[in-house]
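Asker:
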Amino acid sequence: MSVARTLPDRLDSSSARLFKSWEALLLLVAVVIFGVNSFASPHFLDPWNLSDATFNFTEKATIAVAMAFLIIAGEIDLSVAAIIALASTAMGAVAQTGAGTETLVFVGLGVGLLCGAFNGLLVTRFQLPSIVVTIGTMSLFRGLAYVTLGDGVYKGYPADFAFFGQEYVWSYFSFELTLFLGVALVGGLILHTTSFGRQVQAIGNSPLAARFSGVRVERVKFILFLATGLAAGAASVMLTSRLGSTRPSIALGWELEVVTMVVLGGVSILGGSGTILGVVIAAFVMGLVTFGFGLMNVPGIVMSIFIGLMLIGVIALPILARRIHARLTRRV
Amino acid sequence: MKNLLARREGLLVIALLVLLVVIASRFPDFLAPRNLAGVFNDTSILIILALGQTAVILTRSIDLSVAANLALTGMAVAMLNAAFPGLPVPLLILASLAIGLGLGAINGLLVWKFGIPPIVATLGTMTVYRGSSFLLSGGKWVNAHQMSPGFLEWPRAVIAGLPVLSWIALLVIGLAFLLFTRTPLGRAFYAVGGNPTAAVYTGIDGGRTRFMAFCLSGTIAGMAGYLWVSRYAVAYVDIAAGFELDVVAACVIGGISIGGGIGSVAGAVLGALFLGTIKNALPVVQISPFWQMAISGTIIICAVALNARAEKAKGRLILRSAT
Chain A
54 MSVARTLPDR LDSSSARLFK SWEALLLLVA VVIFGVNSFA SPHFLDPWNL
104 SDATFNFTEK ATIAVAMAFL IIAGEIDLSV AAIIALASTA MGAVAQTGAG
154 TETLVFVGLG VGLLCGAFNG LLVTRFQLPS IVVTIGTMSL FRGLAYVTLG
204 DGVYKGYPAD FAFFGQEYVW SYFSFELTLF LGVALVGGLI LHTTSFGRQV
254 QAIGNSPLAA RFSGVRVERV KFILFLATGL AAGAASVMLT SRLGSTRPSI
304 ALGWELEVVT MVVLGGVSIL GGSGTILGVV IAAFVMGLVT FGFGLMNVPG
354 IVMSIFIGLM LIGVIALPIL ARRIHARLTR RV
Chain B
2 MKNLLARREG LLVIALLVLL VVIASRFPDF LAPRNLAGVF NDTSILIILA
52 LGQTAVILTR SIDLSVAANL ALTGMAVAML NAAFPGLPVP LLILASLAIG
102 LGLGAINGLL VWKFGIPPIV ATLGTMTVYR GSSFLLSGGK WVNAHQMSPG
152 FLEWPRAVIA GLPVLSWIAL LVIGLAFLLF TRTPLGRAFY AVGGNPTAAV
202 YTGIDGGRTR FMAFCLSGTI AGMAGYLWVS RYAVAYVDIA AGFELDVVAA
252 CVIGGISIGG GIGSVAGAVL GALFLGTIKN ALPVVQISPF WQMAISGTII
302 ICAVALNARA EKAKGRLILR SAT
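Residue numbers (our numbering), protein chains in the order written: chain A, 54 to 385; chain B, 2 to 324.
1. Of all the options Ala214(B), Phe212(B), Val57(B), Ala189(B), which has the alpha carbon lying nearest to the alpha carbon of Tyr202(B)?
2. From Ala143(A) to Ser66(B), what distance separates their C-alpha atoms?
3. Using a Cβ-Cβ cutoff of less than 7 Å, which residues in the same chain neighbour Ala336(A) once the five nearest sequence positions on both sides are dropped?
4. Just the Cα atoms here: how many angstroms apart are Thr210(B) and Arg61(B)?
5. Would you be able to state if there are at least three C-beta pairs under 8 Å between the region 220-240 of chain B and the region 46-64 of chain B?
6. List, in chain order, every chain A residue whose beta-carbon is nearer than 7 Å to that of Ile120(B).
7. Does any residue of chain A bring its CB to less than 8 Å from the CB of Met76(B)?
8. Mark Phe92(A) as exposed unless 16 or more other C-beta atoms lie within 10 angstroms of its C-beta, in which case mark it buried.
9. Return yes when the Cβ of Gly105(B) is within less than 8 Å of the Cβ of Asn82(B), no when it is not.
10. Give the list of continuous beta strand (DSSP E) stretches no shorter than 3 residues that lie fully inside the region 63-130 of chain A.
11. Roughly how many angstroms lie between the CA atoms of Tyr225(A) and Trp101(A), to the nearest whole one?
12. Excluding five sequence neighbours on each side, which residues of the same chain lie with their C-beta closer than 6 Å to the C-beta of Phe122(A)?
13. Three or more beta-carbon pairs under 8 Å between the region 122-136 of chain A and the region 272-287 of chain A, yes or no?
14. Taking DSSP's pairing of strands, which residues face Tyr221(A) in a bridge?
15. Please report the Cβ distance between Arg264(A) and Val270(A), rounded to the nearest whole angstrom; I am assuming they are in contact, meaning their Cβ atoms lie under 8 Å.
16. Thinking C-alpha only, which one of Ile125(A), Thr343(A), Leu197(A), Val164(A) is nearest Gly298(B)?
17. Check whether chain A comes within 8 Å of Ala306(B), counting only Cβ atoms and requiring the distance to be less than that.
18. Does chain B have any CB closer than 8 Å to the CB of Val316(A)?
19. State yes or no: is the beta carbon of Val338(A) nearer than 8 Å to at least one beta carbon in chain B?
20. Would Pro301(A) pass as a contact of Tyr210(A) if the rule is Cβ separation under 8 Å?
21. Does chain B have any CB closer than 8 Å to the CB of Leu323(A)?
22. State the Cα-Cα distance for the pair Gly175(B) and Ala25(B), rounded to the nearest angstrom.
23. By the 10 Å Cβ neighbour count, where 16 or more other Cβ atoms means buried, how is Ala241(B) classified, buried or exposed?
24. Between Ile107(A) and chain B, is any beta-carbon pair separated by less than 8 Å?
25. Got a sec, what are the start and stop residues for the alpha helix (DSSP H) Pro185(B) sits in?
26. Indicate whether Leu292(A) and Val367(A) have their beta-carbon atoms separated by less than 8 Å.
27. I need the DSSP call for Tyr130(B), collapsed to helix, strand or coil.
28. Check Ile302(B) in the structure and name its three-state DSSP category.
29. Alpha carbon to alpha carbon, how far is Leu6(B) from Gly264(B)?
30. At a Cβ cut of 7 Å, what residues of the region 195-207 of chain A count as close to chain E, listed as they run along the chain?
31. Taking the alpha helix (DSSP H) that Thr50(B) belongs to, which residues open and close that run?
32. Between Thr177(A), Ser183(A), Ser141(A), which lies nearest to Gly165(A) when the distance is taken from Cα to Cα?
33. Helix, strand or coil for Gly316(B)? Go by DSSP, reduced to three states.
34. Note down, in chain order, each residue of its chain lying with its Cβ closer than 6 Å to the Cβ of Ala282(B), except the 5 sequence neighbours on either side.
35. Keeping to the same chain, check which residues put their C-beta closer than 7 Å to that of Ile42(B); ignore five residues upstream and five downstream.
36. With Ala262(A) as the anchor, note down where its alpha helix (DSSP H) starts and where it stops.
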């Protein structure tokens with residue numbers, strides 16, 4: 054690119070920067086969708102309805118917070134949906150032996166952690182590219198679920214296991230929504246206020262420079278894979294509890310939606326930048342869109358077209374806008 | 002360098018032979034020429050898709066939309082055939098190539114003109130193409146009785162002992178070999194993936210080369226769409242769901258480096274044959290087909306680990322000769 058780089062005389066004021074930010078744009082989109090939906094259906098604004106609407110994205114969004122860290126650090130985990138399937142299968146198998154809810158949660162989270170550790174080990178110890186590794190483990194984890202279950206199904210979860218996917222913690226706040234908001238808050242604090250968060254961003258910008266600055270790159274990445282596995286395990290607990298049954302095809306294709314959420318949230322797919330706030334707003338945008346479509350009886354596969362277009366659009370539009378902007382300013 | 006590549010393909014040949022011997026030790030009939038030809042025919046579509054994917058991966062990209070492209074093109078061609086049974090089959094094949102090319106070009110443009118990372122662009126188009134197949138068909142199936150006899154019989158016709166489907170695979174292998182090793186475009190694939198900066202200095206347009214790779218992969222996926230629909234005599238929205246992973250797996254097993262610039266036609270073909278043999282052998286040795294997914298996952302991980310080791314060795318060699 055032969056564009057001359059000039060330094061502006063003064064930077065935008067902080068309020069102007071806030072106004073121009075990706076998060077502000079997303080928030081605007083969310084408000085518009087909110088408005089359209091409440092016009093389209095008179096029941097949309099009912100608080101219980103809105104609370105219901107959160108169930109279809111909180112599980113994915115919880116993973117998206119962890120995935121955001123991973124993508125900011127320049128890695129990716131495409132095996133998250135397969136981890137959900139394997140963890141759910143493990144919980145189902147244990148539930149058949151009459152185990153209690155605590156054991157099931159322990160098993161679900163444990164399988165998630167183990168899968169995350171396996172991914173992390175392959176990527177950091179053996180220096181393998183995470184895209185291919187997690188395509189492989191995606192096949193492996195879900196394959197193990199198929200080997201265990203075949204075309205069968207696990208049912209018969211204990212009654213109080215339904216708490217995680219169906220109950221409310223306080224007034225309109227379901228357990229799922231509360232956990233997601235909690236994870237997002239903690240994630241946001243870690244990413245934006247701690248040295249660990251700075252290290253994650255540094256690794257995404259340049260792993261080599263980060264290493265020379267004393268960042269233990271491999272260890273940080275390993276922790277991020279662990280966290281993503283754990284988040285997938287938690288999502289598995291909630292999803293299994295919500296559905297009350299396990300099939301090996303559970304959460305099929307969710308990895309795409311989680312990655313879309315993260316990228317839509319303004320996290321650079323090349324690593325190095327992004328905010329948790331953006332991811333949270335993106336989660337709400339996607340949740341509201343799919344829920345709105347659901348109210349209008351749009352089939353799921355048409356929603357997936359929309360999500361695919363959104364994924365491409367949110368990356369292409371800023372590039373297009375920048376190019377048009379550059380052309381206009383050159384002419385002036 | 003040449004030795005290293007030769008060795009990796011050699012390793013694959015040995016692995017394939019060992020696999021065959023193990024299967025044959027319990028089921029000697031598996032090695033009957035008739036059965037082996039059947040395995041090859043069954044793997045043909047995977048082989049040609051893997052060759053298209055190879056071009057893309059060589060340029061440091063990835064095309065996850067091939068299976069969705071296959072499904073959309075297959076559906077479009079099947080519906081054309083059902084609506085106008087009079088259309089000659091060659092015309093339908095041309096249509097499948099054109100539709101596939103168009104869908105591949107969209108991927109290519111997104112990567113070239115908008116600078117969208119290939120994995121994101123094709124993840125997006127993957128869902129869009131698959132969804133469009135639903136919009137096109139309204140979720141309905143096109144069944145065998147709606148397709149014309151010519152449409153169904155063409156890939157099955159036997160010429161010199163092999164079905165046309167197998168001959169198409171052999172033809173694509175030959176053309177891919179010529180393209181990758183004997184043409185400027187083929188060398189450009191390697192150059193752009195091997196060292197993008199150096200490629201620019203030698204006058205190669207990286208974006209355009211990637212665009213061409215996506216067009217190639219798309220065209221091949223389109224053709225595979227016709228072949229798939231006609232071979233299985235049915236078209237519906239979910240055909241070949243998840244097949245893109247098998248295609249990428251075949252490439253990775255074949256030693257095509259996901260980092261770009263390394264790989265060969267022989268590798269891709271052997272990788273696809275390795276997967277195809279396992280898939281065909283599982284029912285023969287009476288292992289539940291549900292194992293297939295876990296096995297291919299394990300093989301992908303092992304293959305990636307092997308590739309990484311080979312590439313690391315190459316890196317050291319360069320350093321040593323430089324000092």
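Cβ coordinates follow ideal geometry from the N, Cα and C atoms, glycine included.
Answerer: To lay it out plainly:
1. Ala189(B)
2. 32 Å
3. Counting only Cβ-Cβ distances below 7 Å, and skipping sequence neighbours, we find Phe110, Ala114, Ala117, Met314.
4. 11 Å
5. Judged by pairs of C-beta atoms under 8 Å, the region 46-64 of chain B touches the region 220-240 of chain B, as three or more such pairs exist.
6. Going along chain A in sequence order, the residues near Ile120(B) (Cβ under 7 Å) are Ile184.
7. no
8. Taking all protein chains shown into account, Phe92(A) has fewer than 16 neighbouring C-beta atoms within 10 Å of its C-beta and is therefore exposed.
9. Taking 8 Å as the Cβ cut-off, Asn82(B) and Gly105(B) do not qualify as a contacting pair.
10. none
11. 7 Å
12. Here the set comprises Val253, Leu277.
13. yes
14. Ser227(A)
15. 5 Å
16. Leu197(A)
17. Yes - at least one Cβ of chain A is within 8 Å of the one on Ala306(B).
18. With 8 Å as the cut-off, Val316(A) counts as an interface residue toward chain B.
19. no
20. It is not a contact, given that the beta carbons lie outside the stated cut-off.
21. Interface criterion met: the Cβ of Leu323(A) is under 8 Å from a Cβ in chain B.
22. Taking the Cα positions, Gly175(B) is about 29 Å away from Ala25(B).
23. Buried is the call here.
24. The residue asked about is misnamed: residue 107(A) is Thr in this sequence, not Ile. No, no contact with chain B.
25. 185-195
26. no
27. Correct three-state label for Tyr130(B): helix.
28. DSSP places Ile302(B) within a helical segment (H, G or I) once states are collapsed to three.
29. Because the pLDDT at Leu6(B) is just 49, under 50, the model does not fix this residue reliably, and the value given afterwards should be weighed accordingly. Roughly 8 Å between the two C-alpha positions.
30. As a matter of chain content, chain E is missing from the structure shown, whose protein chains are A and B.
31. One point to set straight first is that residue 50(B) is Leu, not Thr, in the sequence displayed. Segment 34-59, the alpha helix (DSSP H) holding Leu50(B).
32. Ser141(A)
33. Confidence at Gly316(B) is low in this model, with a pLDDT of 47, below 50, so the placement of that residue is unreliable and no value is reported for it.
34. Ile24
35. The sequence shown places Asn at residue 42(B), not Ile. Answer for Asn42(B): Pro164, Leu166, Ser167, listed in chain order.
36. 260-265
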